[in-house]
Amino acid sequence: MSGPSDVVIDFVAKGESPDEYRMVLVEDGPWIKPYTPRIAQLQQRLYSCVEAAIDGQLAAKFPESTGKRIIIQVDCYNAPNAEIERFFTRFSEGVLLLDDYRRALRESKFVKGIGFSISFDTIK
Numbered sequence: 005m006s007g008p009s010d011v012v013i014d015f016v017a018k019g020e021s022p023d024e025y026r027m028v029l030v031e032d033g034p035w036i037k038p039y040t041p042r043i044a045q046l047q048q049r050l051y052s053c054v055e056a057a058i059d060g061q062l063a064a065k066f067p068e069s070t071g072k073r074i075i076i077q078v079d080c081y082n083a084p085n086a087e088i089e090r091f092f093t094r095f096s097e098g099v100l101l102l103d104d105y106r107r108a109l110r111e112s113k114f115v116k117g118i119g120f121s122i123s124f125d126t127i128k
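In structure tokens:
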């Protein structure tokens, strides 16, 4: 993968099953049009999470996550749902189909698999 880098993850939590850990990213608004720069930042955060899980950075800080399925979860608040959901769907369906990521995930001794989750809410 790309090598060590700083990964901004808001928190890590045990998942819904004992075999799962969640890397949670919080994206809060307001979002200013055009959304492209902010979506590009989110994309970079997502790539960094995938790499941190596969390369063992997550396991180094949270050893109990080793060998588990990792869910990269994005919690959006006061965000443009449609635009982010379209981007997130493309990213989550495509990233692990890329040769480098598919191969690295298959060879990783740190994770069993990677999944994705997104939620939207409004805070007043």
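Residue numbers for the sequence shown follow this note's numbering, beginning at 5 and rising by one.
Ideal Cβ positions, reconstructed from N, Cα and C, are used throughout, including at glycine.
| Item | Value |
| --- | --- |
| Identified DSSP bridge partners for L62 | DSSP output for L62 lists no bridge partner at all. |
| Own chain partners of V12 with C-beta closer than 7 Å, once the 5 adjacent residues on each side are dropped | R49 |
| Sequence-distant residues of the same chain with beta carbon closer than 8 Å to I58, five excluded per side | M5, Y105, A108, L109, S112, F114, V115 and I118 |
| Proximal residues to I36 (C-beta, below 8 Å), its chain only, five neighbours per side dropped | R42 |
| F124: first and last residue of the uninterrupted beta strand (DSSP E) it sits in | V115 to D125 |
| V54, DSSP secondary structure in three states | helix |
| Bridge partners - Q77, DSSP secondary structure assignment | V28 and S121 |
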